[in-house]
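When we follow the numbering used here, the leftmost residue of the first sequence carries the number 4, and every step to the right adds one.
For each residue, glycine too, the CB sits at the ideal point set by N, CA and C.
These numbers were taken from a predicted model, which means no experiment stands behind them.
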Amino acid sequence: MNVNMLLENLNEQQRLAVSAPAQALLVLAGAGTGKTRVLVHRIAWQIQVLGCSPYSILAVTFTNKAAMEMRGRIESLLKMSLNHFWIGTFHSIAYRLLRRHAEAAKLPSNFQVIDSDDQLRLIKRILTDLKIDDKKWPANKVQYFINQEKENGQRALMIETTDFYQKNMQRFYLEYQQYCQRSGIVDFSELLLRSYELLRDNLELRNHYRQLFRQVHVDEFQDTNTIQYAWLKLLTENQNNLFIVGDDDQSIYSWRGAKVANLTYFQQDYPLHQFIKLEQNYRSTQAILTVANHLISHNQQRLGKTLRTDLMQGDQVNLYAAFNEQDEAYFVVEKIKQAKNEGKAFSDHAILYRVNAQSRLFEERLMLEGIPYRVYGGFRFFERAEIKNTVAYLRLIANRHDDASFERVVNFPTRGIGLKTLEIIRKYALNSQCSLWQAAVDLISHSQLSSRSITPLKQFLQLIKTLSDSAEALILADKIKLVIETSGLQTYYQQQSDAKTENRLENLAELINAASLFKVSINDQDILTELELFLNSIALETGERYRDQEIDCVQLMTLHSAKGLEFEQVFVVGLEDNLFPSSQSLYEPNRLEEERRLFYVGITRAMRHLYLSYSESRWWYGQENNSKPSRFLSEIPLDSIKEVRLRSHTHQKPALSAIKPPSSIETDYKVNQKVQHPKFGEGIILKIEGEGMQRKIQIRFEETGIKWLMLSYAKLT
DNA sequence: ACCTGAAATATTTTT
DNA sequence: TATTTCAGGT
Numbered sequence: 004m005n006v007n008m009l010l011e012n013l014n015e016q017q018r019l020a021v022s023a024p025a026q027a028l029l030v031l032a033g034a035g036t037g038k039t040r041v042l043v044h045r046i047a048w049q050i051q052v053l054g055c056s057p058y059s060i061l062a063v064t065f066t067n068k069a070a071m072e073m074r075g076r077i078e079s080l081l082k083m084s085l086n087h088f089w090i091g092t093f094h095s096i097a098y099r100l101l102r103r104h105a106e107a108a109k110l111p112s113n114f115q116v117i118d119s120d121d122q123l124r125l126i127k128r129i130l131t132d133l134k135i136d137d138k139k140w141p142a143n144k145v146q147y148f149i150n151q152e153k154e155n156g157q158r159a160l161m162i163e164t165t166d167f168y169q170k171n172m173q174r175f176y177l178e179y180q181q182y183c184q185r186s187g188i189v190d191f192s193e194l195l196l197r198s199y200e201l202l203r204d205n206l207e208l209r210n211h212y213r214q215l216f217r218q219v220h221v222d223e224f225q226d227t228n229t230i231q232y233a234w235l236k237l238l239t240e241n242q243n244n245l246f247i248v249g250d251d252d253q254s255i256y257s258w259r260g261a262k263v264a265n266l267t268y269f270q271q272d273y274p275l276h277q278f279i280k281l282e283q284n285y286r287s288t289q290a291i292l293t294v295a296n297h298l299i300s301h302n303q304q305r306l307g308k309t310l311r312t313d314l315m316q317g318d319q320v321n322l323y324a325a326f327n328e329q330d331e332a333y334f335v336v337e338k339i340k341q342a343k344n345e346g347k348a349f350s351d352h353a354i355l356y357r358v359n360a361q362s363r364l365f366e367e368r369l370m371l372e373g374i375p376y377r378v379y380g381g382f383r384f385f386e387r388a389e390i391k392n393t394v395a396y397l398r399l400i401a402n403r404h405d406d407a408s409f410e411r412v413v414n415f416p417t418r419g420i421g422l423k424t425l426e427i428i429r430k431y432a433l434n435s436q437c438s439l440w441q442a443a444v445d446l447i448s449h450s451q452l453s454s455r456s457i458t459p460l461k462q463f464l465q466l467i468k469t470l471s472d473s474a475e476a477l478i479l480a481d482k483i484k485l486v487i488e489t490s491g492l493q494t495y496y497q498q499q500s501d502a503k504t505e506n507r508l509e510n511l512a513e514l515i516n517a518a519s520l521f522k523v524s525i526n527d528q529d530i531l532t533e534l535e536l537f538l539n540s541i542a543l544e545t546g547e548r549y550r551d552q553e554i555d556c557v558q559l560m561t562l563h564s565a566k567g568l569e570f571e572q573v574f575v576v577g578l579e580d581n582l583f584p585s586s587q588s589l590y591e592p593n594r595l596e597e598e599r600r601l602f603y604v605g606i607t608r609a610m611r612h613l614y615l616s617y618s619e620s621r622w623w624y625g626q627e628n629n630s631k632p633s634r635f636l637s638e639i640p641l642d643s644i645k646e647v648r649l650r651s652h653t654h655q656k657p658a659l660s661a662i663k664p665p666s667s668i669e670t671d672y673k674v675n676q677k678v679q680h681p682k683f684g685e686g687i688i689l690k691i692e693g694e695g696m697q698r699k700i701q702i703r704f705e706e707t708g709i710k711w712l713m714l715s716y717a718k719l720t
């Protein structure tokens, strides 16, 4: 391997980025411009040419998939195995840091990672213990609040507020925080916050890692949130060695706390950075890029860049107006069949939709035609109830004082331990500040339980004890097998043999399979058992990696999960107002821009052929609704799209004529004027900005507070 | 403890 | 519409 090999087949801009000296660098890379390629070659360059040790390179991504791909590509480029490379998601890197420095992070060495589902359950539990009315203070709102605060770097006691709502939320946050600390539980946002604090408060450690990492790389930087950026800054500030790749036009996670503004902050915080734009697109035809460029130019907040391609014009972008959602699915599947007959593979096709619920129609249609397909996202493997139940048993084996798991399976499968008994155990545990397990043990020995419930409870405790004893000598996969067989789960799922539960045993078998594939990293001098490591790792994984990827099948996914992927032929479906853009984003300019970026992401996934479709009516909430074509369609020049139909529906009215830009509002508004909004109610105008279609208006609503609205869409009276 | 049916509730997007 | 939660009966 020589230097030239790493630089050949790169364009000038890419080459500049790859061969730059170690310094702060921003690569603003449009869709399909070889972003990952640059990152991969850059890392290889540092190892090969600059002589960096693989351990001295940190690369962070947002998904496990991206991390795995990057690792694989570097490995095949360098032809060496880089097992303990610092490549991973923010969460998994944070986990690794905390694992190594648990004590310094003020965590018990056997701390447990919980997923958002577990987090919600825990919050519910805490709220009931506090005797809080869950109608007034819904657990998911509390969860959202806590995570949001953590992602902004705020601990409960750091929040300064006099607001009643916030005060209450703060109290719940504090309770939750204390509970987690007591029981060594770490949720997703805690991983980030805790590892930030670890580096912030620990000069020695911080310096160690600052010296270790010669360069820190971040993929999809536009998706970083406040705490992630703060963490990166701790590692790189004043060293000027942060290498970031991102695209502000593909920022689609602001609802999850991502701050596009971090791109701007980076430019301020690293004044010596180099700035490279990648605008040469290698993925899509001219026709597709024209549509993409036009669409995204409607966004106001952009750093600005335009994609170019040397590829041919290609087929026009197609638009199909379906008369209902079934017709839409029929159309898409027909097109896929046609392409297959012309020699294309099923896996060259992707159907992209706004919400997961839309997948069903396409699945039905594909199934009917006997076409293999794969749905990404949606129900995640490790979130299925049967998996979670098994995991709960495993967790109890690893740690009997895991209350969440205790609650989950103490009476599942049912063994005669009712709510009453459980209530007594909870109360006892709360009073004596001990775990539910300990409470159960104590209550039995003090014989403070009714004779009816004492036997099953004893049996349960005995079951867990026996399980952990006999599991001790077994390998991981066999441990899990033993649990499934002995706990009664297997019998339970065997008895439940309706169509829906049929897969459950298969899923359990898959869990055993996943365990047998699980590899413990040798590197970390861990005190944890293999089981504990496995349990933590599945909290951080979606289970995607254990799936079979060999089969040739049509790809179905949300627009969000399509980011980073590419397909020969792409269908973006359901392009209707209220669905895409979603009804919750229609009236707020920032959210509308994000929806537009989401559409932009969808369009730029296509290499050769792009089909857009909408339906004139759609079943929603069990009702048939007339739908309007998405306003985004009116932002694409008409001559760059071709209207298509199937031969069977020649009577259809032309689709393009239905697409009209929203009528501009003639009424003039003044500051301080009272207005009425269909969704938000009454309010007062605070500010008006912008001209024409881009005119924005700031209103204080009595109910919902201050909001920016797009005047041309706001339907004010 | 568990079953049943009615009523409420939910639909972004994910580590 | 589909799923989940809740109340009331056994």
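For the alpha helix (DSSP H) that contains residue i, what are its first and last residues?
{"i": "Lys482", "result": "479-489"}
{"i": "Met172", "result": "167-186"}
{"i": "Trp63", "result": "Residue identity check: residue 63 is Val in the sequence provided, not Trp. Segment 60-64 is the beta strand (DSSP E) holding Val63; no alpha helix (DSSP H) there."}
{"i": "Tyr232", "result": "229-239"}
{"i": "Gln462", "result": "454-474"}
{"i": "Phe93", "result": "93-103"}
{"i": "Arg40", "result": "38-51"}
{"i": "Tyr495", "result": "492-498"}
{"i": "Ser408", "result": "406-412"}
{"i": "Gln253", "result": "Element bounds for Gln253: n/a, residue is neither H nor E."}
Apply the 10 Å Cβ neighbour rule to residue i and answer buried if 16 or more other Cβ atoms are within range, or exposed otherwise.
{"i": "Pro421", "result": "Reading off the sequence shown, one finds Gly at residue 421, where the question assumed Pro. Exposed is the call here."}
{"i": "Pro664", "result": "Residue placement at Pro664 is flagged as unreliable, the pLDDT there being 48, under the threshold of 50; a coordinate-derived value is accordingly withheld."}
{"i": "Ser408", "result": "buried"}
{"i": "Lys134", "result": "exposed"}
{"i": "His449", "result": "exposed"}
{"i": "Ser630", "result": "buried"}
{"i": "Gln173", "result": "buried"}
{"i": "Pro24", "result": "exposed"}
{"i": "Ile606", "result": "buried"}
{"i": "Ser651", "result": "For Ser651, the predicted model reports a pLDDT of 46, less than 50, meaning its position is unreliable; a value from the coordinates is still stated below. Ser651 should be labelled exposed."}
{"i": "Ser667", "result": "With a pLDDT of only 42 at Ser667, under 50, the local geometry of the prediction cannot be trusted, and the value read off the model is given with reservation. Exposed, by the Cβ-count rule."}
{"i": "Glu669", "result": "Any answer about Glu669 is weak, because its pLDDT of 44 lies below 50 and its placement is not dependable; what the coordinates show is given next. Counting Cβ neighbours within 10 Å, Glu669 comes out exposed, since fewer than 16 surround it."}
{"i": "Asn360", "result": "Inspection of the sequence shows that residue 360 is occupied by Ala rather than by Asn. Answer is exposed; the Cβ neighbour count stays below 16."}
{"i": "Phe246", "result": "buried"}
Determine, using beta carbons only, whether residue i and residue j come nearer to each other than 7 Å.
{"i": "Ala47", "j": "Ile77", "result": "yes"}
{"i": "Ser192", "j": "Lys144", "result": "no"}
{"i": "Thr288", "j": "Gly317", "result": "yes"}
{"i": "Arg311", "j": "Gln283", "result": "yes"}
{"i": "Gln26", "j": "Asn243", "result": "yes"}
{"i": "Glu11", "j": "Phe326", "result": "no"}
{"i": "Val221", "j": "Val30", "result": "no"}
{"i": "Leu322", "j": "Glu646", "result": "yes"}
{"i": "Ile279", "j": "Leu19", "result": "yes"}
{"i": "Ala231", "j": "Gly249", "result": "It is Gln, not Ala, that sits at residue 231 in the sequence shown. No, the Cβ-Cβ distance between Gln231 and Gly249 is not below 7 Å."}
{"i": "Ala395", "j": "Arg411", "result": "yes"}
{"i": "Leu206", "j": "Leu237", "result": "no"}
{"i": "Ser735", "j": "Asp406", "result": "Since the displayed the chain opens at 4 and closes at 720, residue 735 lies outside it and no answer follows."}
{"i": "Ala353", "j": "Val576", "result": "no"}
According to DSSP, what are the bridge partners of residue i?
{"i": "His612", "result": "Gln572"}
{"i": "Thr267", "result": "Paired residues: none, contrary to the question."}
{"i": "Ser585", "result": "Asn581, Leu582"}
{"i": "Gln283", "result": "Arg311"}
{"i": "Phe246", "result": "Leu28, His220"}
{"i": "Leu355", "result": "Met560, Val575"}
Taking the beta strand (DSSP E) that residue i falls in, what are its first and last residues?
{"i": "Tyr273", "result": "Looking at the DSSP string, Tyr273 is not in any beta strand (DSSP E), and its letter there is neither H nor E."}
{"i": "Val647", "result": "644-647"}
{"i": "Tyr323", "result": "320-325"}
{"i": "Arg377", "result": "376-378"}
{"i": "Trp622", "result": "620-623"}
{"i": "Asn205", "result": "From DSSP, Asn205 is part of no beta strand (DSSP E); its letter is neither H nor E."}
{"i": "Asn628", "result": "626-629"}
Compute the minimum distance between the beta carbon of residue i and the heavy atoms of the ligand GTP, and state whether it is under 6 Å.
{"i": "Arg203", "result": "Summarising the ligand content, the structure contains no ligands, and the ligand GTP is consequently not present."}
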